[in-house]
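Asker:
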Amino acid sequence: MKRIVRVLALTAVLVALLAVAAGAADFTHCADALKELGLFQGSDQGYDLDRAPTRAEAAAMLVRLLGKEAEAKASTAYTAPFTDVADWAKPYVQYLYDNGLTNGKTATAFGYADRCTAQQYAVFLLRALGYSDAAGGDFTYAAALDFAREKGVVDVLNCNAANFLRDDVAAMSYTALSVAPKSGEADLLTKLVSEGAVQDAKGYDKLFAGLRSFAAAQSAGDAGASAAKLDIEMDMKLANVDYLSGKIAMDLAAVLDEKDPDQSKMAMDMDIDMAFTELAAQSMGLSAADAKLQAALQCYYTDGALYLNMDGVKVRTPLSLAAVMPAGAVTAASAGPVSAVSSLEHTAAGGVDRYTITYAAHAMDRVVETAGAQAGAAGYSMGYDAMTVEMALRGGQLQSAKVDLAMHAAVEGMAMHMTARVDLSGVKTGSAVQVRLPADLSSYQNSAGGSYGVIGGADGPTSIFTTAG
Numbered sequence: 048m049k050r051i052v053r054v055l056a057l058t059a060v061l062v063a064l065l066a067v068a069a070g071a072a073d074f075t076h077c078a079d080a081l082k083e084l085g086l087f088q089g090s091d092q093g094y095d096l097d098r099a100p101t102r103a104e105a106a107a108m109l110v111r112l113l114g115k116e117a118e119a120k121a122s123t124a125y126t127a128p129f130t131d132v133a134d135w136a137k138p139y140v141q142y143l144y145d146n147g148l149t150n151g152k153t154a155t156a157f158g159y160a161d162r163c164t165a166q167q168y169a170v171f172l173l174r175a176l177g178y179s180d181a182a183g184g185d186f187t188y189a190a191a192l193d194f195a196r197e198k199g200v201v202d203v204l205n206c207n208a209a210n211f212l213r214d215d216v217a218a219m220s221y222t223a224l225s226v227a228p229k230s231g232e233a234d235l236l237t238k239l240v241s242e243g244a245v246q247d248a249k250g251y252d253k254l255f256a257g258l259r260s261f262a263a264a265q266s267a268g269d270a271g272a273s274a275a276k277l278d279i280e281m282d283m284k285l286a287n288v289d290y291l292s293g294k295i296a297m298d299l300a301a302v303l304d305e306k307d308p309d310q311s312k313m314a315m316d317m318d319i320d321m322a323f324t325e326l327a328a329q330s331m332g333l334s335a336a337d338a339k340l341q342a343a344l345q346c347y348y349t350d351g352a353l354y355l356n357m358d359g360v361k362v363r364t365p366l367s368l369a370a371v372m373p374a375g376a377v378t379a380a381s382a383g384p385v386s387a388v389s390s391l392e393h394t395a396a397g398g399v400d401r402y403t404i405t406y407a408a409h410a411m412d413r414v415v416e417t418a419g420a421q422a423g424a425a426g427y428s429m430g431y432d433a434m435t436v437e438m439a440l441r442g443g444q445l446q447s448a449k450v451d452l453a454m455h456a457a458v459e460g461m462a463m464h465m466t467a468r469v470d471l472s473g474v475k476t477g478s479a480v481q482v483r484l485p486a487d488l489s490s491y492q493n494s495a496g497g498s499y500g501v502i503g504g505a506d507g508p509t510s511i512f513t514t515a516g
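For any residue, its number in the numbering used here is found by taking its place in the sequence shown, counting from 1, and adding 47.
In structure tokens, the structure reads:
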């Protein structure tokens with residue numbers, strides 16, 4: 048039973064840590080915003096976010112983001128050479144053809160019902176922002192995704208190129224509204240409002256301005272190196288019954304490598320004090336002593352591997368940060384991807400900027416799912432129910448932060464719900480940060496089967512995702 052205690056406790060710890068570091072595979076809130084602005088329409092099946100977009104749907108979205116839908120629909124003549132276009136899409140295809148924005152797939156076929164790829168849609172959004180992929184233009188078709196990342200249209204969350212869905216279309220389109228077009232306006236939404244293509248910004252212009260303010264406030268800071276103290280309080284329910292609660296005190300230091308995240312270095316020193324509720328302990332036949340866990344856990348990251356030391360049990364697990372935090376995520380982190388933020392409040396007093404950022408439910412699920420899949424964590428799932436972050440910055444440097452979150456998870460068939468509050472203080476950045484790694488990392492044993500975060504006990508090594516006693 049002691050092993051079960053360790054398994055659940057450490058699982059809760061890592062869930063909380065991932066929650067702070069990671070941030071939606073479901074971008075319904077982005078589709079809602081686009082519809083509210085008159086830029087997105089669903090079908091008789093709703094938004095249909097879980098299917099691939101067609102080239103016709105992408106064409107319609109491009110015309111709307113160009114602010115030309117009314118002009119396109121005012122034309123009744125269809126003279127484009129493409130014979131495979133449905134009546135509803137003809138005004139959009141005609142407008143794009145007349146303005147040299149599409150050539151179709153062949154001389155007579157637009158590819159109306161063909162799947163639109165992430166690369167094709169990135170091209171459309173860049174054109175909506177005023178950039179050209181014509182000869183001698185701003186970017187080439189082959190490098191469209193890279194150019195879109197550079198301009199902030201594509202980020203760590205909003206584009207799954209391998210399985211591009213209408214979900215991604217909603218997220219990328221919403222993100223594009225927050226990006227400054229080539230013509231120089233504050234953002235594309237402001238341009239569309241000024242041109243009358245969008246009648247009311249519905250407050251999204253203020254949200255985008257708040258995100259820019261946050262980015263400006265922290266631009267002087269050093270995002271690549273940081274150290275802080277974290278105090279975490281958490282409560283867990285199993286099948287809606289109070290099950291486990293605890294506190295964690297942590298010292299954290301990290302130096303993140305922007306160009307090669309796998310070369311980042313991190314050290315965490317944690318004191319864990321957790322306990323099962325009396326009812327949970329009784330249901331498992333645990334004594335009062337066994338129902339409590341007080342442990343020291345050291346966690347290190349270097350050279351593409353995670354090292355865990357819990358009560359002298361030392362385990363190494365390969366873990367690529369590059370896979371879950373692609374290049375660009377470190378310096379672009381700020382408040383998080385635009386598509387993940389649902390609201391932002393900003394106040395300034397005494398030289399301190401304070402931000403309260405509320406994230407859309409499930410806003411970071413895609414990152415966590417990627418980490419779990421990479422680690423080979425069978426039977427593991429995790430999702431976010433709510434997340435709010437309060438941050439105070441002075442002169443671009445983070446001074447303190449508070450994170451409130453609610454999550455659900457399933458580990459080997461066990462449904463769990465967890466709430467946690469993280470208080471961050473004593474922040475240091477830049478050259479003041481030192482990551483101290485132990486000299487005996489070569490003595491850490493490789494985890495069995497590549498499982499994420501394997502720990503051991505008196506009765507042998509056990510994955511944190513394994514609960515058999």
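Glycine included, each C-beta is placed from N, C-alpha and C at the ideal position. Note that the structure is a prediction, hence the values are computed from the model and not measured.
1) For the alpha helix (DSSP H) that A223 lies in, which residues bound it at each end?
2) Are there three or more Cβ pairs, one per stretch, closer than 8 Å when the stretch 285 to 293 is compared with the stretch 478 to 490?
3) Distance, Cα to Cα, A125 vs D134?
4) Thinking C-alpha only, which one of L471, I404 and P100 is nearest A217?
5) Restricting to Cα atoms, I'd like to know which of D193, R259 and V203 is closest to L224.
6) For Q345, which residues does DSSP report across the bridge?
7) Is it right to say D215 is buried, meaning 16 or more other beta carbons lie within 10 angstroms of its own, or is it exposed?
8) Are the CB atoms of L112 and L564 within a distance shorter than 9 Å?
9) Would you give the residue range spanned by the beta strand (DSSP E) that A301 belongs to?
10) Runs of 4 residues minimum, wholly inside the stretch 85 to 161: which ones carry the alpha helix (DSSP H) assignment?
11) Determine the contact status of R213 and D304, defining contact as a CB-CB distance below 9 Å.
12) Please name the residue, chosen from Y144, R401 and G397, that lies closest to A106 on a Cα-to-Cα basis.
13) How long is the line joining the alpha carbons of E21 and S390, rounded to whole angstroms?
14) Apart from the five residues just before and just after G177, which ones in its own chain have a Cβ nearer than 6 Å to its Cβ?
15) Are the CB atoms of S386 and N205 nearer to each other than 9 Å?
16) Is R174 closer than 9 Å to R102 when the C-beta atoms are compared?
17) Determine which residues share a DSSP beta bridge with C401 and list them.
18) Within the stretch 153 to 209, note down every full alpha helix (DSSP H) run reaching 4 residues or more, in order along the chain.
19) Just the Cα atoms here: how many angstroms apart are L340 and V360?
20) Assuming the contact rule is C-beta atoms closer than 8 Å, L236 and Y251 should be a hit. Round their C-beta distance to whole Å, please.
21) Where G423 and Y354 are concerned, what is the direct C-alpha to C-alpha distance, given to the nearest angstrom?
22) State buried or exposed for Q92, treating a residue as buried only when at least 16 other CB atoms are found within 10 Å of its CB.
23) Measure how close the beta-carbons of L291 and I319 come, nearest whole angstrom, since I'm counting them as under 8 Å.
24) Among Q246, G199 and A119, which one has its Cα closest to the Cα of L84?
25) Suppose you measure from the CA of F171 to the CA of S179; what does that come to, to the nearest Å?
26) Is it true that the CB of S273 sits closer than 9 Å to the CB of L445?
27) Please report the distance separating the alpha-carbon of K475 from that of N356.
28) Buried or exposed: where does A72 fall if 16 or more other Cβ atoms within 10 Å of its Cβ makes it buried?
29) Using CA coordinates, which residue listed in G183, A165 and Y142 is at the minimum distance from S5?
30) K276 lies in the beta strand (DSSP E); which residues open and close that run?
31) Considering just the uninterrupted stretch of the beta strand (DSSP E) at K29, what are its terminal residues?
32) What's the call for E325, buried or exposed, on a 16-neighbour Cβ count within 10 Å?
33) Is F261 helix, strand or coil when you go by DSSP?
34) Between V226 and T405, what straight-line distance do the alpha-carbon atoms span, to the nearest angstrom?
35) What does a CB cutoff of less than 8 Å around T435 pick up in its chain, not counting 5 residues either side in sequence?
36) Given a cut-off of 9 Å on the beta-carbon distance, is the pair Y221 and F74 in contact?
Answerer: Taking the coordinates as given:
1) Against the sequence shown, residue 223 aligns to sequence position 176. First-last of the alpha helix (DSSP H) with A223: R213 to L224.
2) no
3) Residue numbering aside, residue 125 sits at position 78 when the sequence shown is read from its first letter. Residue numbering aside, residue 134 sits at position 87 when the sequence shown is read from its first letter. Inspection of the sequence shows that residue 125 is occupied by Tyr rather than by Ala. For Y125 and D134, the distance between alpha carbons rounds to 9 Å.
4) Translated into the one-based positions of the sequence shown, residue 217 becomes position 170. Selected option, being the one with the closest Cα: P100.
5) Translated into positions along the sequence shown, residue 224 becomes position 177. L224 has its Cα closest to that of R259, out of D193, R259 and V203.
6) Counting from 1 along the sequence shown, the entry for residue 345 is found at position 298. Q345 is bridged to D316 and N356.
7) Indexing the sequence shown from 1 puts residue 215 at position 168. Residue environment for D215: buried (at least 16 other C-beta atoms within 10 angstroms of its C-beta).
8) Given that the chain is displayed from residue 48 to residue 516, the structure contains no residue 564 and the question cannot be resolved.
9) Translated into positions along the sequence shown, residue 301 becomes position 254. V288 to V302 is the span of the beta strand (DSSP E), which, as asked, contains A301.
10) 102 to 112, 116 to 121 and 137 to 145
11) Looking up residue 213 in the sequence shown gives position 166. Looking up residue 304 in the sequence shown gives position 257. No; because the gap between Cβ atoms is not below 9 Å, this pair is not in contact.
12) The residue labelled residue 106 in the question sits at position 59 within the sequence shown. Minimum Cα distance to A106 is reached at Y144.
13) Residue 21 is absent from the model: the chain starts at 48 and stops at 516.
14) As a working mapping, residue 177 is identified with position 130 in the sequence shown. Excluding sequence neighbours, G177 sits near P228, K229 and S230.
15) Residue numbering aside, residue 386 sits at position 339 when the sequence shown is read from its first letter. Residue numbering aside, residue 205 sits at position 158 when the sequence shown is read from its first letter. Cβ atoms of S386 and N205: closer than 9 Å.
16) Locating residue 102 in the sequence shown gives position 55, counting from the first residue. Locating residue 174 in the sequence shown gives position 127, counting from the first residue. Taking 9 Å as the Cβ cut-off, R102 and R174 do not qualify as a contacting pair.
17) Working through the sequence shown from its first residue, we reach residue 401 at position 354. The residue you asked about is not Cys; residue 401 is Arg in the sequence shown. Note: R401 sits in a beta bridge opposite T394 and A439.
18) 165 to 175 and 191 to 198
19) Counting from one through the sequence shown, the residue named residue 340 turns up at place 293. Counting from one through the sequence shown, the residue named residue 360 turns up at place 313. When rounded, the distance between both Cα atoms is 15 Å.
20) Locating residue 236 in the sequence shown gives position 189, counting from the first residue. Locating residue 251 in the sequence shown gives position 204, counting from the first residue. Their Cβ separation, rounded to whole angstroms, is 6 Å, which keeps L236 and Y251 in contact under 8 Å.
21) For the purposes of this step, residue 423 is taken as residue 376 along the sequence shown, with counting starting at 1. For the purposes of this step, residue 354 is taken as residue 307 along the sequence shown, with counting starting at 1. Any reading at G423 must be qualified, since the residue scores a pLDDT of 46, below 50, and its modelled position is unreliable; the value itself is stated next. C-alpha separation (whole angstroms): 17 Å.
22) To locate residue 92, count along the sequence shown from 1; it is residue 45. When all chains shown are included, Q92 counts as exposed.
23) The count along the sequence shown starts at 1 and reaches residue 291 at position 244. The count along the sequence shown starts at 1 and reaches residue 319 at position 272. Actually they are not in contact, since the Cβ atoms of L291 and I319 sit about 12 Å apart, beyond 8 Å.
24) Counting from 1 along the sequence shown, the entry for residue 84 is found at position 37. The shortest C-alpha separation from L84 is found at Q246.
25) In the sequence shown, the residue the question calls residue 171 occupies position 124. In the sequence shown, the residue the question calls residue 179 occupies position 132. Distance between the alpha carbons of F171 and S179 is about 10 Å.
26) Against the sequence shown, residue 445 aligns to sequence position 398. Against the sequence shown, residue 273 aligns to sequence position 226. Yes; because the gap between Cβ atoms is below 9 Å, this pair is in contact.
27) Against the sequence shown, residue 475 aligns to sequence position 428. Against the sequence shown, residue 356 aligns to sequence position 309. Those two C-alpha atoms are separated by around 25 Å.
28) Here the question's residue 72 lines up with position 25 in the sequence shown. Low per-residue confidence applies at A72: pLDDT is 43, beneath 50, and the placement is therefore not dependable, though the value from the model is reported in the following sentence. Buried, since its Cβ has 16 or more Cβ neighbours within 10 Å.
29) Absent from the structure is residue 5, since the part of the chain shown begins at 48 and ends at 516.
30) As a working mapping, residue 276 is identified with position 229 in the sequence shown. It spans A272 to L285 - the beta strand (DSSP E) in which K276 sits, taken as one unbroken run.
31) Residue 29 is absent from the structure shown; the chain starts at 48 and stops at 516.
32) One-based indexing of the sequence shown puts residue 325 at position 278. Classification of E325: exposed, given that the 10 Å Cβ count is below 16.
33) Counted from its first residue, the sequence shown places residue 261 at position 214. Correct three-state label for F261: helix.
34) Against the sequence shown, residue 226 aligns to sequence position 179. Against the sequence shown, residue 405 aligns to sequence position 358. Near 20 Å, if we compare the C-alpha coordinates of T405 and V226.
35) Taking the sequence shown and counting its residues from 1, the one referred to as residue 435 is at position 388. Cβ neighbours of T435 beyond the five flanking positions: T403, I404, T405, Y406, V450, D451 and L452.
36) Position 174 of the sequence shown, counting from 1, holds the residue named residue 221. Position 27 of the sequence shown, counting from 1, holds the residue named residue 74. In contact: Y221 and F74 (Cβ atoms closer than 9 Å).
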